[in-house]
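Chains as they are written, first to last, in my numbering: chain A, 1 to 333; chain B, 334 to 591; chain C, 592 to 893.
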């Protein structure tokens, strides 16, 4: 038990800091900046989880927005049908309301994640037999099919979209999810067995000959990546706007996420965090940039491929000083 | 003596091209067998068929009494067959240590939740595998290289690391595909000693493809010769050297004594 | 019955255009093993630039066969050039890079064309009308089934270009070199075939066909914006996969099948599902028969 606490103390402290910061930001931060921060948090979850599939495991999904949509709509359905009315009926106030809404958001987010994970499993099992560019185009297809299905589901608002009642995903909710997402994926892929994800990316065939069940790991990566895409979708659906339309989850959104993963570095989790934050902030910082945003993204994408195909960070990671590793390398003599 | 590996009438065709034809081969527990033949004789294809890369178009392969032809590569690996590659196939961007750790991967149970929560049990298990990985690297003289990414290692060390990774899967049968390719004389001598040492220490049965005749003749008590996908001879180094068909097969290539 | 036939006709027209675009995908995939994501956007440029060309020359105001022919040639020439430039600038430097880098670069080029096109200084995001290069006329009528000259023209031009391509690939030195490179990149290089030039030529050729497809599209669906290429591009790729990537007759068959499937879905199911049907077909094909209807099986070398 002692080891467990030692391993998780830092994570716990970070979560507490996030909660405290969220409390402070809600009262003292300008709503505009507050919203941007929340957007950054959601982007981090999306990009890191996509990196698990595209960067770390070396599969190439172009359908991440589709799984985000599954999470968003599943959570929306839950809120519209059950959670919203129930919360309304309770008529709580003050601290009690805050706690209950936080817990409700947690449940909603997990439902969104599980729904997307199921979709990821159904899609991934057959699709992961395909390699490289074929997988890319197949996942793009799945993403579009998912979107078109929602577009034709009138019970969920169809093409017009659907408005979602509280609870709202605030800073605390989003960043608790983001921190957990990053920590879990990091720990998984840097564990002894989790190195298998990298091995598949490096040489799928050699991985199989050392006894790694490559199909299983690819499916795990895909399902877990989809789970967090669903979490992000649920958080997105419940953000301040409280309104989603199928068009928000189109192929362009998927491609944008791929751009962020590639720029950050295929395989680098810290690179993904930096890229997600930078590319979400950039259009906000540069006024009038919005129009050129996608031009700059695409130009960057081509230039990075031509000059530094491994992305800005490559596979390198920025490690925090208190980061606890299961093992240390011996120093090179 | 019961055979550990039994290959019966195995054939492998690629769109009409017969890479291997009617091959029979038995390897007994503890043997060290050399597989030789001119370029394109089908030696590596034999390895690929044994390790499940290809499903043979004909014949059957048994390992320790169990049929393995057509099984998935990772399952064959778990039954106890490991290999190295002619063109080294390490996990290039991973450290030497990680390469070996991955070899050990089947010793640990997959525990997604445990690894995410870093439970004490998970932590202990990882420490165990790491200790064994360190020991294995030390045994092969790669202890100092473990933190470096495997593609930065010198060529000879990459070859050794591939053997270390194979050993980490705890095989009973080890397939070495031209382990001495590209090595200089001193390195070859060291490798010869290493193979002998590892065989005894890990109770290995070894099947080795090698182009260096001197080396094969000196370490393998039994040699099998392939040409055009067919077995043309088998026996002790002396018998092979005098075998007419073998000499013929090698004419035009370098002389077998080179 | 007549409305069914009308849909079949509609599907043929659409399919002919898809087939023309699919040829470019299939040829490029053949020689480079790359899904050229930017191909659909080259097709869009063919349509878009033709609008400007017709406006500038005045062909847009006076429908004539000459105007149509000139516009078609212009679109093919300019798209061929664009395709060549894209290959030189964005893909050639990555010849020895992992295939994934090439795919990402292709996605980047596609995004770049679409988004530069949307800038107000370029084409702008609003759709532009495609000029009537020829007067639309009904040339045949059976009951409520009507056949217009545009439909006949689109089909004839598409089939004519495909026949031309077939002759070119099978009866010229370049065509032979192309098939050799598609068969085995490295060996072709060793045999003295300049693979680099062949790849370049393949891009030019495929892009020229996409340019022609752009004009035909403009005649049939006369509203063009910078995103016009994306969806037809992907559908044409699906057509290539369905027919068997690398196979020229496959692209033809796949193009017509996708065109028909889409046209019938729009009519009998719902037009909102017409974009989904191509993807459903794609996924079914990839899972059931990844080599497509007419494709060869590729042995994977380890």
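Beta carbons are placed, not taken as given, at the ideal position from N, Cα and C, and that holds for glycine.
For residue 442 of chain B, the closest C-alpha among the options A:196, A:95, A:318 and A:218 is that of A:196.
Going by DSSP, residue 342 of chain B is part of the beta strand (DSSP E) stretching over 336-347. The beta-carbon distance between residue 636 of chain C and residue 704 of chain C, rounded to whole angstroms, is 7 Å. This is short enough to meet the 8 Å contact definition.
A contact between stretches requires three or more CB pairs, one per stretch, nearer than 8 Å, and the stretch 783-802 of chain C meets this requirement with the stretch 620-634 of chain C.
Taking C-beta separations shorter than 6 Å and ignoring five residues to either side along the sequence, the partners of residue 780 of chain C in its chain run 786, following chain order. Proximity of the stretch 504-520 of chain B to the stretch 533-543 of chain B meets the contact definition, three or more beta-carbon pairs being nearer than 8 Å. Using a Cβ-Cβ cut-off of 8 Å, residue 152 of chain A counts as an interface residue toward chain C, since at least one Cβ of chain C sits closer than that to its own. Residue 177 of chain A carries a helical assignment under DSSP once its states are collapsed to helix, strand and coil.
According to the DSSP assignment, residue 147 of chain A belongs to the alpha helix (DSSP H) that extends over 132-151.
Nearest in C-alpha terms to residue 657 of chain C, of all of C:723, C:880 and C:702, is C:723. For residue 862 of chain C, the three-state secondary structure derived from DSSP is helix. Within the same chain, 742, 746, 847, 850 and 851 come within 8 Å of residue 603 of chain C by CB-CB distance, once the 5 residues on both sides are set aside. In this structure, residue 116 of chain A places its C-beta atom within 8 Å of the C-beta atom of residue 230 of chain A. Shown in chain order are the members of the stretch 171-190 of chain A whose Cβ falls below 7 Å from a Cβ of chain B: 184, 187 and 188. Taking C-beta atoms under 8 Å as the contact rule, residue 631 of chain C and residue 817 of chain C fail to qualify, at a distance of about 11 Å. About 7 Å separates the CB atoms of residue 380 of chain B and residue 542 of chain B; that is less than 8 Å, so the two are in contact. By the Cβ criterion, the stretch 173-181 of chain A is not in contact with the stretch 394-403 of chain B, since fewer than three pairs of Cβ atoms, one from each stretch, lie closer than 8 Å. With respect to the 8 Å criterion, residue 501 of chain B and residue 433 of chain B are classified as neighbours on the basis of their beta carbons. In this structure, DSSP gives residue 719 of chain C an extended state, which the three-state scheme calls strand. Beta-bridge analysis with DSSP links residue 539 of chain B to B:365 and B:507. With distances taken between CA atoms, residue 77 of chain A lies nearest to A:111 out of A:54, A:111, A:97 and A:88.
In this structure, DSSP gives residue 683 of chain C a helical state, which the three-state scheme calls helix. For the options B:337, B:368, B:369 and B:374, the alpha carbon positioned closest to that of residue 345 of chain B is the one of B:374. The way I'd put it, the stretch 153-167 of chain A does touch the stretch 236-251 of chain A; three or more beta-carbon pairs between them come closer than 8 Å.
A Cβ-Cβ separation of about 3 Å places residue 702 of chain C in contact with residue 298 of chain A under the 8 Å criterion.
Cβ neighbours of residue 598 of chain C within its own chain (closer than 6 Å, five residues either side excluded): 854, 855 and 858. For residue 566 of chain B, the secondary structure class from DSSP, reduced to helix, strand or coil, is strand. With a contact defined as Cβ atoms closer than 8 Å, residue 385 of chain B and residue 376 of chain B miss out at about 17 Å. In the structure shown, residue 732 of chain C falls within a strand segment according to DSSP collapsed to helix, strand and coil. Neighbours of residue 209 of chain A in chain B, taken as residues at a C-beta separation under 7 Å, are given in chain order as 384, 406, 410 and 416. At least one C-beta of chain A is nearer than 8 Å to the C-beta of residue 453 of chain B. DSSP places residue 812 of chain C in the coil class of the three-state scheme, outside both helix and strand. By the Cβ test, the stretch 662-670 of chain C is not in contact with the stretch 770-784 of chain C, since fewer than three Cβ pairs between them sit closer than 8 Å.
For residue 203 of chain A, there is no enclosing beta strand (DSSP E), as DSSP marks it with neither H nor E. Here residue 420 of chain B is exposed, its C-beta having fewer than 16 other C-beta atoms within 10 Å. For the pair residue 356 of chain B and residue 553 of chain B, the CB atoms are not nearer than the 8 Å cut-off.
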